[in-house]
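Asker: Quick one: the structure is below, questions incoming.
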Amino acid sequence: MFDAYEANGFFDEMFDETGAVRPHYRTLLNRFSGYPTEDFEARRASCDQHFLRQGVTFNVYHDDRGTERIFPFDPVPRVIPSDEWEHLEAGLTQRIIALNLFLHDIYHEQHILRDGIIPRFYIEEAKHYRPEFRGMNVPKDIYIHICGSDLIRGADGTYFVLEDNGRCPSGASYLLENRNALKRAFPGLFESLGVRPVDSYPRELLNMLHYVSPHREGEPVCVLLTPGCYNSAYFEHCYLAREMGIEIVEGRDLVVMDDFVYMRTTKGLVRVDVIYRRIDDDFLDPTVFRKDSVLGVPG
168 MFDAYEANGF FDEMFDETGA VRPHYRTLLN RFSGYPTEDF EARRASCDQH
218 FLRQGVTFNV YHDDRGTERI FPFDPVPRVI PSDEWEHLEA GLTQRIIALN
268 LFLHDIYHEQ HILRDGIIPR FYIEEAKHYR PEFRGMNVPK DIYIHICGSD
318 LIRGADGTYF VLEDNGRCPS GASYLLENRN ALKRAFPGLF ESLGVRPVDS
368 YPRELLNMLH YVSPHREGEP VCVLLTPGCY NSAYFEHCYL AREMGIEIVE
418 GRDLVVMDDF VYMRTTKGLV RVDVIYRRID DDFLDPTVFR KDSVLGVPG
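As numbered in the numbering used here, residues 168 to 466 make up the sequence shown, in order.
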């Protein structure tokens, strides 16, 4: 299967510079090498069919071929050894802590600007800088609750962060469905590799939403705010809301009264404690940000 495979100068995840398989890929290579090409392609196609049946798609706008796409999928999983992952996890944790401290400083004392570490105009002329937010505190001092850090490999195998998406990162649901599809197409594969599970993500996300909730008796009321069914990541919005057991709402489902947010329901208004919003800042409140926004909630 891999006879004609070439990395073309990029870091090769599976084989080292001598052409020998890396130790953590041996089990995977032995398993996949036992499949005839036709069988492997059939299994890959079964994954595509699974995605279509489950509605695991995203939208691409301004494309003559249509808007709906199956999420790009590679049936050969990337294997990361546990010690390598622990190093990555520690670095990414350190990074998100630093980013939150940076944002707190930018919107409060601004030591990093006054000390000349970052030129002031980089911040004050930034598109998404909100001067009206200066001095405001956020629950638990957490500004970035979910961060999508894009990792890449250098030619020598060193990991680098290409960028951090700290606004509305997408992709978690596709990762979970990717794992489900591979388990169906290649039974026993993940068990033989000793791969860590990922299906706890929705539960951990819900725990985070509860953690930042204001102090109230009983379980917090959390909602997922979506731009609607035409958004490119609408599948993910529905998926995560369903898995967390919370309501998915649009701006028209919410109303602000006396500085509190309420959700319209068939039984009347219900106060909302936490909003997991999948809408960019500009569209959140037409009275403060974009006046033409119909996605957010006035007030």
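No residue lacks a Cβ here, since even glycine has one placed at the ideal position from N, Cα and C.
Looking at C-beta atoms only, is the number of pairs between the stretch 350-362 and the stretch 386-402 that lie closer than 8 Å three or more?
Answerer: no
Asker: Do you know offhand how far Asp-206's Cα is from Phe-199's?
Answerer: 10 Å
Asker: I'd like to know if the stretch 377-384 and the stretch 435-444 are in contact, where contact means that at least 3 CB-CB pairs between them fall below 8 Å.
Answerer: yes
Asker: Please determine, among Arg-245, Ser-316 and Ala-209, the residue with the shortest C-alpha to C-alpha distance to Gly-258.
Answerer: Nearest in C-alpha terms to Gly-258, of all of Arg-245, Ser-316 and Ala-209, is Ser-316.
Asker: Can you check the stretch 337-425 for any alpha helix (DSSP H) of at least 4 residues that lies completely inside it and give the ranges in chain order?
Answerer: 339-352, 356-360, 368-378 and 401-411
Asker: What separation, rounded to the nearest whole angstrom, lies between the Cα atoms of Arg-142 and Met-303?
Answerer: The structure shown does not extend to residue 142, since the chain is modelled only from 168 through 466, so no value can be given for it.
Asker: Based on Cα-Cα distance, which residue from Gly-395, Leu-342, Ile-284 and Val-246 lies nearest to Val-461?
Answerer: Selection Gly-395, Leu-342, Ile-284 and Val-246 evaluated against Val-461 yields Gly-395 as nearest (Cα-Cα).
Asker: CB-CB under 6 Å to Thr-194, same chain, minus the five flanking residues each way: which ones, in chain order?
Answerer: Ser-359 and Leu-360
Asker: In chain order, what residues of the same chain lie with their CB nearer than 7 Å to the CB of Glu-180, ignoring the 5 residues before and after it?
Answerer: Arg-245
Asker: Would you call Leu-372 buried or exposed, if buried means 16 or more other Cβ atoms sit within 10 Å of its Cβ?
Answerer: buried
Asker: Can you check which of these residues, Arg-220, Asp-331, Thr-224 and Arg-287, is closest to Ile-264 by C-alpha distance?
Answerer: Asp-331
Asker: Pick out the complete alpha helix (DSSP H) segments inside the stretch 198-281, 4 residues or longer, and give them in chain order.
Answerer: 204-221, 249-273 and 278-281
Asker: Can you tell me whether DSSP reads Leu-196 as helix, strand or coil?
Answerer: helix
Asker: With three or more C-beta pairs closer than 8 Å as the rule, is the stretch 318-328 touching the stretch 361-370?
Answerer: no
Asker: With a 10 Å radius around its C-beta and 16 neighbouring C-beta atoms as the bar for buried, classify Arg-370 as buried or exposed.
Answerer: exposed
Asker: Sorted by chain position, which residues of the same chain lie with C-beta nearer than 8 Å to Ile-309's C-beta, five sequence neighbours on each side aside?
Answerer: Asn-267 and Val-379
Asker: Return the CA-CA distance between Glu-414 and Lys-434, expressed in angstroms with no decimal places.
Answerer: Each residue's alpha carbon lies about 14 Å from the other.
Asker: Below 8 Å between beta carbons: does that hold for Leu-421 and Val-365?
Answerer: Taking 8 Å as the Cβ cut-off, Leu-421 and Val-365 do not qualify as a contacting pair.
Asker: Starting from Tyr-443, follow the beta strand (DSSP E) in both directions and report where the run begins and ends.
Answerer: DSSP places Tyr-443 in the uninterrupted beta strand (DSSP E) bounded by 441-444.
Asker: Reducing DSSP to helix, strand and coil, say where Arg-297 ends up.
Answerer: coil
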